[in-house]
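> This is the structure I want to talk about, given as structure tokens.
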Amino acid sequence: MITAPAVPRPIARGVISRRSNVNTNAHACGFAGCGKIFARPGDLARHSKQHGVPQHPCLINGCNRHGLRAFYRADKLLEHQRKKHGRGN
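Here it is in structure tokens:
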């Protein structure tokens, strides 16, 4: 017969949140069908841009990242231009 140990086993590190107010200030995306939740309002604001029309096209000749394939964030456009086109180092 197998018995359970008398002393409870320690819980793995990182399983218990160190924040006592987890999700008390959650900010949910209001876009239909999205349902993502963010801890900070700035993260929600950044996320909500991807539900709109991309405003930052790549204007380098031959690049197809324009129109609906453009970028929602200016920092992502600059990252693209640096990595793919070697610009803005």
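For what it's worth, my numbering labels the leading residue of the sequence shown as -3, then goes sequentially.
Note that the Cβ used here is the ideal one computed from N, Cα and C, for glycine as well.
Quick caveat, the model's predicted, so the values are computed rather than measured.
Evaluate His76 with the Cβ neighbour count: other Cβ atoms within 10 Å of its Cβ, from every protein chain shown; 16 or more gives buried, anything less gives exposed.
As a first step, residue 76 is located in the sequence shown; it is residue number 80 there, counting from the start. By the neighbour-count rule (16 or more Cβ atoms within 10 Å), His76 is buried.
> Here's the rule: buried if 16 or more other CB atoms are within 10 angstroms of the residue's CB, otherwise exposed. What is Leu73?
Taking the sequence shown and counting its residues from 1, one reaches residue 73 at position 77. It counts as buried.
> Starting from the Cα of Pro37, find the closest Cα among His23, Lys45, Asn60 and give me that residue.
Translated into the one-based positions of the sequence shown, residue 37 becomes position 41. The candidate whose alpha carbon is nearest that of Pro37 is His23.
> Out of Tyr68, Cys59, Asp39, point me to the one whose CA is closest to Lys79's CA.
Within the sequence shown, the letter at position 83 stands for residue 79. Checking every option, the nearest Cα to that of Lys79 belongs to Cys59.
> CB Gln46 to CB Ala66, shorter than 9 Å?
Stepping through the sequence shown from its first residue, residue 46 is reached at position 50. Stepping through the sequence shown from its first residue, residue 66 is reached at position 70. No, they are not a contact pair.
> So, helix, strand or coil for His81, using DSSP?
Your numbering for residue 81 matches position 85 in the sequence shown. Of the three classes helix, strand and coil, the one that applies to His81 here is helix, per DSSP.
> Work out the CA separation of Lys32 and Leu55 for me, nearest whole Å.
In the sequence shown, counting from the first residue as 1, residue 55 sits at position 59. In the sequence shown, counting from the first residue as 1, residue 32 sits at position 36. Spanning the two alpha carbons is a distance of roughly 32 Å.
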